[in-house]
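To start, the structure itself, in structure tokens.
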Amino acid sequence: MIDQRRLLAAIIASLVILLTFDYFFERPKREALREQQAQEQVLREEQERAAAERARAEGPAQGPTADSPAASPAASPAATAGAAPGQVATAAPGAATPETGPATAAAPASLRVRVETPRLRGSINLVGARIDDIVMRDYRETVDPTSPAVRLFSPRGSERPFFAQFGWTVRPAAAGQPAVRVPGVDTVWQTSSTALTPGRPVTLSWDNGQGQLFQLVFSIDENYMFTVEQRVTNGADGTVVVVPWSRIRREHTPATSGYVVLHEGFVGVLDGRLRETTYKSAKDDAAKRPGQAALEVASQGGWLGFTDTYWLAAILPVQNQQVQAAFRYLPENGADRYQVDYLSPPQEARTGQVSLARSHLFAGAKEVSLLDRYEAQLGIGSFDKAVDFGWFYFITKPMFYVLEFLFHILGNFGLAILVLTLLVKGLFFPLANKSYRSMSKMKALAPEMEKLKQRFENDRAMLQQEMMALYKREGVNPLSGCLPMIIQIPVFFALYKVLLVSIEMRHAPFFGWILDLTAQDPTNIFTLFGLIPFDPTVIPMIGPFLHLGIWPLIMGVTMWLQQSLNPAPPDPTQAKVFALMPFIFTFMLASFPAGLVIYWAWNNLLSIAQQRWIMYRMGVKPT
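Just add 107 to the spot in the sequence shown (first one is 1) and you have my numbering.
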């Protein structure tokens, strides 16, 4: 009786786990996606209406295209930049600084330096020297190849301001000496070139009129890594002490996927530790401790930035350098503003000398192999942890590498999942064999068990005792039936995580109607697979359960077939629970990524084949 209770507890635990996944992970995703789509529809309508009004006002004149750097919102006063990193010192009275002053929302083409690489396009704003216009050429917003390319950085004045910036503060001047002016958010820089491309750096310069020349030298590789050199040439008498800083600002609260198992927000590896802070916790912390950073830590090297599901913007100091890094929430005029920043060590520039600080900016997709390459080339500690592989990192990342390896051979991530399932089945083949042999023996003992039920019909305690004695005599483990499911759960979680966080899996098709393995099966039996123009998922309460695609149905049928090969539980209540499981799992997994459902269905088919073969060899006739 105790063993049967344990078996029932194992099944209930599995159901609870999957129901938890659906409630906390899948349902918030569906709601967030629906809300995001509604917001995007409203935004598109507003943009179309504004464009039509501009067209009527301007007549037939041809303006800049949507993809050109000049096609950004018109310049307008923006909010101030907020607290500068570290508050080391102030500049001269009245001078523009990174802390205060107006900022141009979007500069015209004449005040921008184009960024052109094989994988990025955009521009650098010469007003404030902000990298505030970055679009990824390789990635689209949807599976439609004609949909807009994914935008990472946007200028102030746009819908979602997001940018990187580099500057200086200065140490207080000695008695009797004027304070050194440093460039600020409204400073207009001079450029050495109109375009930044791989192998062709761009130098931005600004003379403060006091004998100091400030320069920012930007270079970029063919992927997503910028290198920034901050130079100060001192042509005046005396010594100037400057403190270089780097920061990324996100002047809006982005829509997140809503997954509990996926971190989106502040992220970094500082002082050798992974640091993660959500937008909400940063806001809550600021309310409790006004004026204080959500996180402030001294670190040798490391990196910090903002992470989305698939994208990362991060600043990286020289790895042997001691920096003061921080996560900040800087609200202003009711607007949310988030910032990551670090202060480099102070540097002296004597007369005729040049101070130099170097840093890096990553702005792009979190491709695992690329992050690993940067980690090796630049010595960046744990840069791959920008991809949230989670607590089961030691399982999830190797599984990703296996899938990627199989993809390069097969050319399809869906096929890679099928082959991975074969490999997992092969790895656990001996253990599964033992389990299926035990279940086959139990099925063969069904007549004996039926006799015991009739003999001890009114004495359940004696019935359980005799059944346990029968199991022991025949070498049968009644809990063996749940072994395949227990083995499958860690693989299920790891594959779920890979599908959730890997940019390589994003928009990866299978065959037929599955155009994205990371999204749910788009077909639905409740609309007769598209014949009825109706969305039943909007129905209150029961709506989330009224999406049932073809692959979830296949999974449910294979689960029922596999279950029919197992011996029926002796307890009627357990038998009813087992009978309902295929139906419950079918509806629960309907909203899961299609790749996960395909894995489960294929695993069921392999298990059926393995179990039928064992039963055939043991002379047990399947029902």
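By construction, the Cβ of each residue, glycine as well, lies at the ideal position given by its N, Cα and C atoms.
If the five residues before and after tyrosine 331 are omitted, its C-beta is found closer than 6 Å to the C-beta atoms of Phe469, Ala470 and Gly471, all from its own chain and listed in chain order. Secondary structure of histidine 654 (DSSP, three-state): coil.
Where glutamine 561 is concerned, the enclosing alpha helix (DSSP H) starts and stops at 553-562. Scanning the region 478-540 for uninterrupted alpha helix (DSSP H) segments of 4 residues or longer gives 500-517 and 520-534, listed from N- to C-terminal end. The C-beta distance from phenylalanine 260 to histidine 467 rounds to 16 Å, too long to fall under 8 Å, and the pair is not in contact. Ranked by Cα distance from phenylalanine 373, the first of Arg356, Ile621, Gly365 and Tyr366 is Arg356. Taken through DSSP and simplified to helix, strand or coil, tryptophan 667 comes out as helix.
In the DSSP annotation of this structure, aspartate 293 is not part of any beta strand (DSSP E), being labelled neither H nor E.
If you draw a straight line from the Cα of alanine 442 to the Cα of aspartate 391, it comes to about 15 Å. Using a C-beta cut-off of 8 Å, the region 315-324 makes contact with the region 337-348, since at least three inter-stretch Cβ pairs fall below that distance. If you draw a straight line from the Cα of arginine 226 to the Cα of proline 252, it comes to about 16 Å. Residue environment analysis places arginine 288 among the buried positions, since at least 16 neighbouring C-beta atoms fall within 10 angstroms of its C-beta.
Here DSSP, grouped into helix, strand and coil, assigns phenylalanine 325 to strand. One thing to note: methionine 569 has its Cβ no nearer than 8 Å to the Cβ of methionine 556. Fewer than three beta-carbon pairs drawn from the region 474-485 and the region 431-438 are found closer than 8 Å, and the two stretches are therefore not classed as touching. For tyrosine 445, the enclosing beta strand (DSSP E) begins and ends at 445-450.
Around the Cβ of aspartate 642, a 10 Å sphere holds fewer than 16 other Cβ atoms; the residue is exposed. Residue state for leucine 311 is assigned as strand, using DSSP reduced to three classes.
Among the bridge pairs identified by DSSP, valine 242 is matched with Arg228 and Arg258. Below 8 Å, enough C-beta pairs join the region 704-716 and the region 662-676 to call them touching: three or more. Assigned with DSSP and collapsed to three states, asparagine 341 falls in strand. Excluding its 5 nearest sequence neighbours in each direction, aspartate 328 has C-beta neighbours in its own chain below 7 Å: Pro305, listed in chain order.
Between the alpha carbons of arginine 567 and glutamine 561 lies a gap of roughly 11 Å. Note on geometry: alpha-carbon atoms of glutamine 454 and alanine 343 lie some 16 Å from one another. Judged by beta-carbon spacing, leucine 538 lies beyond the 8 Å limit of leucine 527, meaning their Cβ atoms are not closer than that value. DSSP places alanine 456 inside the beta strand (DSSP E), whose first and last residues are 454-456.
Non-local C-beta neighbours of arginine 382 in its own chain, meaning closer than 8 Å and more than five positions away in sequence, comprise Phe373, Val374, Gly375, Val376, Leu402, Val404, Leu411 and Phe434, ordered along the chain. Of the other Cβ atoms in all chains shown, 16 or more fall within 10 Å of the Cβ of serine 547; this residue is therefore buried. DSSP places glutamate 223 in the uninterrupted beta strand (DSSP E) bounded by 219-223.
When C-alpha distances from phenylalanine 496 are compared across Gly316, Lys473, Ser230 and Val222, the shortest belongs to Lys473. Boundaries cannot be given for leucine 233, as no alpha helix (DSSP H) includes it and DSSP labels it neither H nor E.
Segment contact: the region 512-532 against the region 689-698, fewer than three CB-CB distances shorter than 8 Å; contact not assigned.
Contact between isoleucine 632 and leucine 655 holds, with the beta-carbon distance rounding to 5 Å and staying under 8 Å.
Where tyrosine 436 is concerned, there is no enclosing alpha helix (DSSP H), although the beta strand (DSSP E) around it starts and stops at 429-436. In this chain, glutamine 572 is not harboured by any beta strand (DSSP E); it is covered by the alpha helix (DSSP H) spanning 567-581.
Between leucine 311 and leucine 218 a beta carbon distance of about 11 Å is seen, past the 8 Å cut, so the two are scored as non-contacting.
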